[in-house]
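Some notes on the structure that comes next.
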Amino acid sequence: MYNHLLSCFFIIFLITFHISQAPTLAADFCWRFRVHIINALSHDNLDIHCYSLDDDLGEHNLGVGGDFTFKFGEHVILHTRFWCDMKYGSDHSKTIDVFTENIGNKHCCHTRKCFWSVREDGFYFSNNNQSWVKWYDWS
Ligand SMILES: *[C@@H]1O[C@H](CO)[C@@H](O)[C@H](O)[C@H]1NC(C)=O
C-alpha cells in the first residue's frame, strides 16, 4: 500500500514537473532572434546596409560604439538569411552573413541573440555580448 502510494506520488510529480517545464522548453525553441552589429572600430564610422530576401533594412552610418540592431520572428525563421554590406574608410568593405539558419540553430539558439563586433582586424561573433570569437577577416 505504501509503495503504491509512493508510485502514485511519483507519477504525479513527474506529470507536474513535465508541465512546469513546458514553458522553459518552449522558450528554448529557436525563434524571435535579435541581431546586434556593433561598431567596435577605434575611430571610424561604419557604413552598414543589411538585407534579407524580404527586407531591406536601409543604409546606416554607425558612429564608434554604435549598435545597429534588428529582430525578427518565428514566421520568417525557416531558411532565413540576413546579410550586411559593411564599409569603413576608403579601402575596407565586405559583405557577411549576420544570420543564417545554421548560425541561429547552432550559435544563437540559447540566448536568441547574435552579436557582431566589427573591428579593424575583422568580424567577431558572440551570442552573449561577452565572449567573442573572430569569424571573418576584412579581406
Ligand atoms: C554589450 O556590452 C556593452 C559593453 O559592456 C554594453 O555597453 C552594451 O549595452 C551591451 N549591449 C547589449 C545589447 O547587451
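So the sequence shown is numbered by this note's numbering: it starts at 7 and just counts up by one. We put the CB at the ideal spot given by N, CA and C, even for glycine.
Is DSSP giving residue 113 helix, strand or coil here?
As a first step, residue 113 is located in the sequence shown; it is residue number 107 there, counting from the start. In the structure shown, residue 113 sits in a helix (DSSP, three-state: H, G or I).
Exposed or buried, residue 64, counting other C-beta atoms within 10 Å across all chains shown (16 or more means buried)?
Numbered from its first residue, the sequence shown carries residue 64 at position 58. Answer is exposed; the Cβ neighbour count stays below 16.
Excluding sequence positions up to five away, which residues of its chain have a Cβ less than 8 Å from the Cβ of residue 142?
Position 136 of the sequence shown, counted from the start, is the residue given in the question as residue 142. Answer for residue 142: 100, 102, 128, 129, listed in chain order.
Quick check on this structure: which residue in 71, 78, 76 has the alpha carbon closest to the alpha carbon of residue 48?
Here residue 48 corresponds to residue number 42 of the sequence shown, with the count starting at 1. Nearest C-alpha to residue 48: 71.
So what's residue 4 in DSSP terms, helix, strand or just coil?
Residue 4 cannot be examined here, being either before or after the span of the chain that is shown, 7 to 145.
Identify which residue in 123, 124, 135, 106 has its Cα closest to the Cα of residue 117.
In the sequence shown, counting from the first residue as 1, residue 117 sits at position 111. Per the Cα distances, 135.
Got a sec: does ligand 1 put a non-hydrogen atom nearer than 6 Å to the Cβ of residue 135?
What you label residue 135 is simply residue 129 of the sequence shown in a count that begins at 1. Yes; taking the cut-off as 6 Å, the Cβ of residue 135 has a heavy atom of ligand 1 nearer than that.
Can you find the residues in the same chain that come closer than 6 Å, C-beta to C-beta, to residue 140, ignoring five residues on each side of it along the sequence?
Your numbering for residue 140 matches position 134 in the sequence shown. Only 128, 130 meet the Cβ criterion.
Thinking C-alpha only, which one of 94, 51, 89, 124 is nearest residue 107?
The residue you call residue 107 lines up with position 101 of the sequence shown. Residue 89 is the option with its Cα nearest to residue 107.
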